[in-house]
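Here's the structure we're looking at; comments come further down.
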Amino acid sequence: KMKQYILMERNGIHIINLFKSLDLIDQAYDFIKQTVAHNGTVLFVGTKKQATEAVSSEASRVNMPYVSERWLGGMLTNFQTVSKRVVRMKELEEMDFDDVRSSGLTKKELLLLQREKEKLVKQLGGIRNMDRTPSAMFVVDINK
């Protein structure tokens with residue numbers, strides 16, 4: 001199906017013919033514009049090292065959710081469970097890990113909670129404000 005849009009192959013990398021792809025790019029652009037205009041959300045996904053920074057910065061710029069680390073299974077199909085983890089992440093972010101006395105926890109417990117928070121922020125930080133499943137996804141390089 002994609003052969004008509006590929007200009008050539010060089011060193012195992014396919015070069016896309018932008019002239020033939022321009023109509024489809026315009027269609028995708030119109031779809032995204034309409035989705036956002038109707039209060040839809042677009043989830044940006046890019047887990048390759050080369051794409052993580054660009055995906056996270058551009059998604060943050062347009063105030064949309066993103067996944068730049070590992071894709072978690074069930075992120076779309078089991079969103080209730082994932083949203084519970086996001087709530088847990090927000091709870092841990094509100095905690096003060098420097099004040100050992102007033103927390104009523106030991107140093108070890110605080111350290112374990114801080115590690116849990118760091119792990120959750122790394123995995124779910126980009127979707128912290130996503131309250132429902134996205135209307136569309138923008139995926140960078142599906143062949144990871």
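Just so you know, the sequence shown maps onto residues 1 to 144 in full-length UniProt numbering. Quick reminder that beta carbons are idealized off the backbone N, C-alpha and C, glycines included. Please read all numbers here as calculations on a predicted model, not as lab measurements.
**Request:** Counting only the same chain and skipping the five closest in sequence on each side, list residues whose C-beta sits under 8 Å from that of Thr-81.
**Result:** Gly-74
**Prompt:** How should Lys-20 be labelled, buried or exposed, when 16 other C-beta atoms within 10 angstroms of its C-beta is the threshold for buried?
**Reply:** exposed
**Request:** Pick out whichever of Leu-72, Ser-60, Lys-3, Ile-32 has its Cα sitting closest to the Cα of Thr-47.
**Result:** Leu-72
**Request:** Just tell me which of Asn-63, Gln-114, Glu-93, His-38 has its CA closest to the CA of Gly-126.
**Result:** Asn-63
**Prompt:** By a C-beta neighbour count over all protein chains shown, 10 Å radius and 16 as the cutoff for buried, is Thr-77 buried or exposed?
**Reply:** exposed
**Request:** Using 10 angstroms around the beta-carbon of Leu-43, count the other beta-carbons present and answer buried if the total reaches 16, otherwise exposed.
**Result:** buried
**Asked** The alpha helix (DSSP H) spanning Glu-93 covers which residue range?
**Response** 79-94
**Asked** Just how far apart, CA to CA, sit Gln-114 and Thr-106?
**Response** 12 Å
**For Leu-110 and Val-100, the rounded distance between their alpha carbons** = 8 Å
**Asked** Do you know offhand how far Tyr-66's Cα is from Tyr-5's?
**Response** 28 Å
**Message:** Distance check for Arg-132 and Lys-117, CA to CA, integer angstroms please.
**Reply:** 22 Å
**Message:** What does the alpha-carbon distance come out to for the pair Leu-7 and Ala-136?
**Reply:** 28 Å
**Asked** Mind checking Ala-59: buried by the 16 CB within 10 Å criterion, or exposed?
**Response** buried
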